[in-house]
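Trainee: If you want this note's numbering, it's the position in the sequence shown, counting the first as 1, plus 96. All residues carry an ideal CB built from backbone N, CA and C; glycine is no exception. This is the structure I want to talk about, given as C-alpha cells.
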Amino acid sequence: MFKDRGGQKWRQQRRGRLFGRRRMDRGIGGKAEPVCLQRWLPEKQASPDRSYGRAPKMIHLESNFVQFKEELLPKEGNKALLTFPFLHIYWTECCDTEVYKATVKDDLTKWQNVLKAHSSVDWLIVVVENDAKKKNKTNILPRTSIVDKIRNDFCNKQSDRCVVLSDPLKDSSRTQESWNAFLTKLRTLLLMSFTKNLGKFEDDMRTLREKRTEPGWSFCDYFMVQEELAFVFEMLQQFEDALVQYDELDALFSQYVVNFGAGDGANWLTFFCQPVKSWNGLILRKPIDMEKRGLIQRQEATLLDLRSYLFSRQCTLLLFLQRPWEVAQRALELLHSCVQELKLLEVSVPPGALDCWVFLSCLEVLQRIEGCCDRAQIDSNIAHTVGLWSYATEKLKSLGYLCGLVSEQGPNSEDLNRTVDLLAGLGAERPETANTAQSPYKKLKEALSSVEAFEKHYLDLSHATIEMYTSIGRIRSAKFVGKDLAEFYMRKKSPQKAEIYLQGALKNYLAEGWALPITHTRKQLAECQKHLGQIENYLQTSSLLASDQHLTENEREYFCREILSFANRQADSPGHKIVLPMHSFAQLRDLRFTPPNAVVHVGGVLSVEVTVCSQMPVPVLAEQIAVSVHFSVEKDSYRKTAEWLAKHKTANGVVSFPAETSPFPTSQNSLPALELCEVFERSPSDSSLHTTGIICKNVHMLLRKQESGASLEAPSGAALEAGAHMLKRTAVTLEPGPNAITFRTQAKEPGTYTLRQLCASVGPVWFVLPHIYPLVQYDVYSQEPQLHVEPLADSLLAGIPQKVKFTVTTGHYTVKNGDSLQLSNVEAMLILCHEENRAVIYSNMREKASDAALRVQSSDKVTSIGLPAAPAYHMIEFELEVLSLPSAPATGGESTMLGMTEPHGKHKDTQKAGHCMATMDHKVSIDCPWSIYSTVISLTFSMPFRTTHSLLSSGTRKYVQVCVQNLSELDFQLSDSHLVDTGDSTDLRLIPLNTESEQRIHSKQAVFFVWELKWTREPPPSLHCRFSIGFSPASEERLSVPLKPYTYEFQVDNFLTLYTVRAEISPPPGTELCKTGSLCSLEVSVTRLSDLSEVDKDEALTECDDYFSTKLMYEVVDNSSNWAVCGKSSGVISMPVAARATHRVHMEVMPLFAGYLPLPDVRLFKYLPHHSAHSSQLDADSWIENDSLSVDKHVDDQLDSGSVQSRGSTRSVASSEHKGLPMPRLRALPPGQAFNASAGTQVLVIPSQDDHVLEVSVT
C-alpha cells in the first residue's frame, strides 16, 4: 500500500518479468520444464523492498528461465539491467551417494566457482525426489542423506538455498505442498535478488550522476543508464516510476542548456550543437525509436534527435497511464522550449527547418491523441489541443512567407530552391505513416507544393483554430489568429476580407485596454482602409495614429501629413464635409471667462479663452475654430437679475475639463487593483530558499473578457450644429501641445447661452467635439435701474449722526446731468449735508470709472440729491449722514418700548426682552428720475438708552431715582441732567443730589440720578415729570451738528406716606437675649401718619360715629427662613383714618439660627369688601384674587381668629362652611404709602446651651 500525491490510497498490481538461469543434470531434462514455473510464479503478488523509504507496491512477478551458459553471465561494468540474471538454479534428482560423489558434487563445485568468479551470490539448489527411482535402487540412501550432504558441502551458512521438490509430476497433496513451498522460496529469492541488484543499480546511477562535473562525463552514457532503469520499471508496468526517470533526464538536460546560455557550458554539450540536417518531426507511433536511441548511444544525436526521442518515450508512458491531454500540454511546452534551446546553444538551423519540425510535430501529436481517444473526448478537451493547432497554423504561415507562397506574384526561383531544401530535410516518409492519407508528412509536402494548396491548408487550419478558441471562450487568442489571417489577406490583396478580422481584433483590444496591440492593429487597418478607398474611415484612423504616443515621430508625422495632403487636394474642389471626432486631433483642457463670473449685460463684451492641446506632431493650420452656442430664455424673471447671476456663478471663471488619459472605452482605472502576494519555495531537504516570486491572485478579474459596444473605429456620426450663435476664429495655427484661443462676443439678447460644440476645420475635414462637458454657460441680463439704501453700521443709533450708503444701479438707463433723487423729509429724522460728499461711479465689473461732487439741496419738505452723469450698466455710490431725534415716549398703558417703566405684573419673558434696544422706523419716499413711481425705504433706528424710574422713601421724605442704561456698543458722555415737573406746581421743588455735571457712561453700563421731593403745602396725588440729559459719543471726533438732549417723561402716583410699620422682637421673660429654639415675642405696630385724604376714599373706607376707618390686612413673612412664625401670621385690622392712630399685633416667633438676624417682613394690603351689587351676578371680579383667603360675614368679631401656619405660607381666617360665597379683594398698597421703619434692623440670637451626649460602642 502507498499513497499517491492526492493522498488517496490504492493498491497497484503489476506484472514484471525477471530473468533466471538454470542448470540441470542430465536426468531431469524433460520432466520439470521451466514452463510450469513461468506459469505458476506470477499467481501470487509480491512486494519487493524499495530503497530511500519509498512506499512499497504489489506486483505480479514473471520470470524467464534459460539454460545456464557462462558466456551469458554479466561482465564487469555491464549496465544492462534487463538481461541481468537475477537467480541461478541448479536442478538434480540424484538419489545415490556414489553418483553424487562421482559426478554431482564436482559439477556443483564447478558451477559455484563460475558464479563466484562473476560475483554472483544469488543461487538455489533444487533436489527433485522421485519415488520410482527409489524402488528401482535398493542401495539408495534416504533422501535426507543426499540433501544433508549437499547442505553440508555447499550450504553451510545458507541452508535455505537448498530445497526439495517431491514427485513434481504426481497429483498428490504431498506434491502440491512441495510445489507451494518451492514456489514461495523461489519468489522470495527472486525478489531479494531483484531488490538488491536494483538498489545497487540505482546507487551506481546516482554515483555516475554526481560525477557530472568531472571532465569526460557524458550525458549520453548517463542517459542510457537511467533509461535502463526506466525500462525495468516499464517492464514491471510501473509506468509512473518510468516516467519519473525520463522527466529527471529532461530536467537535467534543460538545466545544462540554461547554464550554457548563462556562460557555464559543459563539454559534452558540443555534441548537441552540431548543425541540424534533419527535421522530420516527432515520431510517436513507435514505442521505442531505436534509430534515434542508437544515435544517442553513439553520441551522434542532435538536439532535435534527443528531444524527439525523449518526448516519444514520455508520450508512450503517458498514454499507458491514460493521460493523453498531458501529452498535448507537454508537447506544446517542448516545442517552445526547443526553439529557445536552439538559440541558446547557437545551433545552426536552415531557415524554415525549425518551422517544418514544429509543424510536423504538432500534427503528429494531434494524430497520436486522436488515435487513442474517441471524437466525444476530443471535442470536450479542445482546450488542451487548441494550442497545438494554433502553433501549427503559425508555423505554416511562416513557411508560406518564407517560400513565397503568400506573395501576389507567387514563389520565385530562390523560393523554389528553398522549398526543395526544406522538403529534402524531411527525408523519406516513415513506413508507419506511408499508408496514411492525411499524415503530417503528406500535409506539409502538399502545402508547400503550390500557392493554392498552401492557401487551402492555411485557411483550414486558421478557421479551425479560431473556431476552437471561440468555443472555449478564449476570444483574445481567436482575435489574434484572426489578425494573422487578416495579414495573410492583405498579402493576397484581399483587403475586404482582412477588414473584418482587423476590426474584430481592434474592438477586443480596445475593450481590454491593450495599448501596443491597438496601435499595431490600427496601422494594419489604416492600410486596409486605404486600399479599399474608405476615405472617412482612413482619415479617422490616421488621426488616431498621428496622436498615438506609441509610434515614432516619423510614423506620426506620416499619418498627420496624410490628413493634410487630403485636405489640400480637396480645397480646390470643395465637396461634402468629413466630420471626425475631436479627441484624436486635440483635447479641450480648460476654459476661462472674462468677466470671471460669466455674467454680462446687454451690449457688454464677453471674452472666452479656450485652451486646446493639439495631439498632432506638427503645426496644423486650422481654417476655422468655432464654438456653437445654444441660446435659451429663462421663464423665471429672477434668473435674469444681476444679483442672482452673481450669486450662482463661479468666482474665478475657469472651467477645467477632465484629461483623456486613455483612448479606450473601458478605463484602466475601472479595473480592480492588483492583488499581489509573494511566493517562496524551500528545499525539502534543508529548508533553504531556492525560489521566490510574485503571483497575481486576481488575474481572472484583470484578464476577463470585457464586452464593449460599437467599435470606436466606426464613423463617428457626429453632426455639425448650425445656428445663429457661433463663436469663431479663423486662420489659427495649432502648435503641438497647449494653445490658447480667445473668442470675443458682444451680448445682444438677454438669456442663457450654453456652449455646445467645439469644432476645427482643416479644409473639408472637420474635427468635432459633439458635447462640451461639464456644462459651460454664460448669462446676459437686461437690468432695470435700482436704488438700494443700506446703513454702513450693523444698526443705526438714534440721536447721533449715522452714515447711510446709497447705491444707484443704472441698468439700461443712462443717468444725465440734472437727474436727481427727491427725498421726502421726515419730522423726526434729519438729512445732514456736507460739502465734501462725493459720488463714485463704478463699472459693471466693479472697476472705478470716475467720481464727482455730490449736490444736496434741502427744503422744508424735500431734499434733492443731484446725481452725476453715468452710462448704462454702471453703479453710482455715495454716502449721507442722517440723524434721528432721541426721545423715549411717556410711560403708560401696556407699552413695551424701551425707555419706559415697566408696569407691575409684566411677564418674565417680556422683562428679559426689555434688555434689547428699542427701535423706531422712519419711512422715506424717494422719487427717481427713471420711474414715475415713488420708492419707499424704511430706516430703522435703535435707541441707545433704556431709562427707568423709581420712588424712594425715608419716613415722610421722598426721592425720585432715574436709571439710564447704555445698551449700545459705544461709550457716551452725559451732561446737563434735568428733572422738571410738567404740572408747573409752585409748591413742589425737585432738589438734585448729583454733584457732577458731566459723566461718562460705558457700553452695557448704567448711571443713576436722584432728586429729593419737597413741598410746602399738600402735594397733588400725581406727579408728572420730564427727564432730559445731553449726550454725545465719547470719541474724540468732532460732530458737525449739535445734538439734541435725550428726554424721558414719566408719572408718579400716590407718593405720600400714609402708614408706618414697626416690628420689634423681645426675648423670653427672664432672659436678656434671644436663643435659638426658644419662643420670642414679636410686636407689629401700624401707625397712621395723616388724616383723611383723597386717596383714602375707596370701598374699604367705613364711617363710624365720629371717625372714619379702613380695613387693612397684614402678613408677616420671612423669606430668608431665619424665623418660624408661631400662631397667626396674618390678619385683618380696622384702622381709624386719623393721624397718629396706631394698631398693635402680637405673635410669637422662634429663631432658627444664631447670629444677627434680620426681622421678618411685614406687608400691608387694602382689604376691600365685596360689593352687594355683585351678588346677583358672580363673575371673576367678585372672587378674591388670592383664593386661599376667605372672610366671615361677622368679620369684626373674628379679627383675631386664625390658625397657626408655618412661615411663608398663606392663611385662612374663615371656616369651610363659607366656601362658594363671594369673597373680599386684596389690593397692595403703593410703595410710597407704607414705610417700614424696621427695615434693616437686626436682632442678636445666641445659640442654646443644650448638651448632646453621643454614645460610642467599641467592640
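Just how far apart, CA to CA, sit I242 and I185?
Mentor: 17 Å
Trainee: Given this structure, state the Cα-to-Cα distance separating D1277 from S1225, to the nearest angstrom.
Mentor: The predicted model places D1277 with a pLDDT of 39, which falls under 50 and marks its position as unreliable; any figure quoted below should be read in that light. Between the C-alpha atoms of D1277 and S1225 there is a straight-line separation of about 26 Å.
Trainee: Could you check if Y1155 is buried or exposed, using at least 16 other CB atoms within 10 Å of its CB as the buried criterion?
Mentor: buried
Trainee: Please determine, among G357, W375 and R657, the residue with the shortest C-alpha to C-alpha distance to R526.
Mentor: W375
Trainee: From P1256 to E1211, what does the alpha carbon distance come to, in whole angstroms?
Mentor: 10 Å
Trainee: Between Q534 and chain C, is the shortest Cβ-Cβ distance under 9 Å, so that the two count as touching?
Mentor: Any reference to chain C falls outside this structure, which holds one protein chain only.
Trainee: Do you know offhand how far L1208's Cα is from S1049's?
Mentor: Their Cα atoms are separated by approximately 21 Å.
Trainee: What's the call for Y196, buried or exposed, on a 16-neighbour Cβ count within 10 Å?
Mentor: buried
Trainee: Can you tell me where the alpha helix (DSSP H) with M822 in it begins and where it stops?
Mentor: That residue, M822, is in no alpha helix (DSSP H); its beta strand (DSSP E) goes M822 to L830.
Trainee: Return the residue from the list R409, Q370, F407 and L417 that minimises the CA-CA distance to Q395.
Mentor: Q370
Trainee: What residues are listed by DSSP as bridge partners for K944?
Mentor: Y938
Trainee: What did DSSP end up calling E504 once you bin it into helix, strand or coil?
Mentor: coil
Trainee: Under 7 Å Cβ to Cβ from Q898, same chain only, skipping five residues before and after it: list those, please.
Mentor: P887, A889, L892, E977 and V978
Trainee: Of all the options G361, E1160 and E771, which has the alpha carbon lying nearest to the alpha carbon of I791?
Mentor: E771
Trainee: Might you give, ordered along the chain, the residues of its own chain that have their beta carbon closer than 6 Å to the beta carbon of L325, omitting 5 neighbours on each side?
Mentor: Q341
Trainee: Does the Cβ of D401 have 16 or more other Cβ atoms within 10 Å, making it buried, or fewer, making it exposed?
Mentor: buried
Trainee: In whole angstroms, what is the alpha-carbon distance linking L456 and S661?
Mentor: Distance between the alpha carbons of L456 and S661 is about 50 Å.
Trainee: Counting only the same chain and skipping the five closest in sequence on each side, list residues whose C-beta sits under 7 Å from that of Q393.
Mentor: C316 and M320
Trainee: Quick one: what does DSSP say P677 is sitting in, helix, strand or coil?
Mentor: Reduced to three states, the DSSP call for P677 is strand.
Trainee: How long is the line joining the alpha carbons of V516 and K593, rounded to whole angstroms?
Mentor: 31 Å
Trainee: Quick test of your reading: Y1142 and F1127, contact by CB under 8 Å. State the CB separation rounded to the nearest angstrom.
Mentor: 6 Å
Trainee: Check whether the Cβ atoms of E167 and V223 lie closer than 9 Å to each other.
Mentor: no
Trainee: Can you give the beta carbon distance from H821 to F727, rounded, assuming they're within the 8 Å contact cut?
Mentor: 5 Å
Trainee: Ends of the beta strand (DSSP E) at W72?
Mentor: Residue 72 is absent from the model: the chain starts at 97 and stops at 1355.
Trainee: Counting beta carbon pairs with one atom in the segment 635-649 and one in the segment 606-615, are three or more of them shorter than 8 Å?
Mentor: yes
Trainee: Measuring straight from C-alpha to C-alpha, what distance separates E330 and W453?
Mentor: Each residue's Cα considered, the two are about 29 Å apart.
Trainee: Taking DSSP's pairing of strands, which residues face L1257 in a bridge?
Mentor: Contrary to the premise, residue 1257 reads as Asp rather than Leu in this sequence. DSSP lists V1213 as partners of D1257.
Trainee: Quick check on DSSP: helix, strand or coil for S255?
Mentor: helix
Trainee: Taking the Cβ atom as the reference point for each residue, do S680 and L640 lie within a distance shorter than 9 Å?
Mentor: yes
Trainee: If R587 and V704 are in contact, beta carbons under 8 Å, what's the gap, nearest whole angstrom?
Mentor: Actually they do not touch by this definition, with Cβ atoms about 52 Å apart.
Trainee: In chain order, what are the residue ranges of uninterrupted alpha helix (DSSP H) at least 4 long that sit wholly in the segment 459-533?
Mentor: Whole alpha helix (DSSP H) segments, 4+ residues: 471-476, 478-498 and 509-522.
Trainee: Here's the rule I'm using: 16 or more other beta-carbon atoms within 10 Å means buried, otherwise exposed. How should R652 be labelled?
Mentor: buried
Trainee: Since A1330 is in the beta strand (DSSP E), which residue starts that stretch and which ends it?
Mentor: A1330 to N1332
Trainee: Kindly indicate which three-state DSSP category G833 falls into: helix, strand or coil?
Mentor: strand
Trainee: Alpha carbons only, please: which of D470, P446, V461 and V482 is nearest the one belonging to L495?
Mentor: P446
Trainee: So, under 8 Å CB-CB, A856 and I721 are touching, yes? Tell me the CB distance rounded to an integer number of Å.
Mentor: Between A856 and I721, the beta carbon gap of about 5 Å places them in contact (Cβ cut-off 8 Å).
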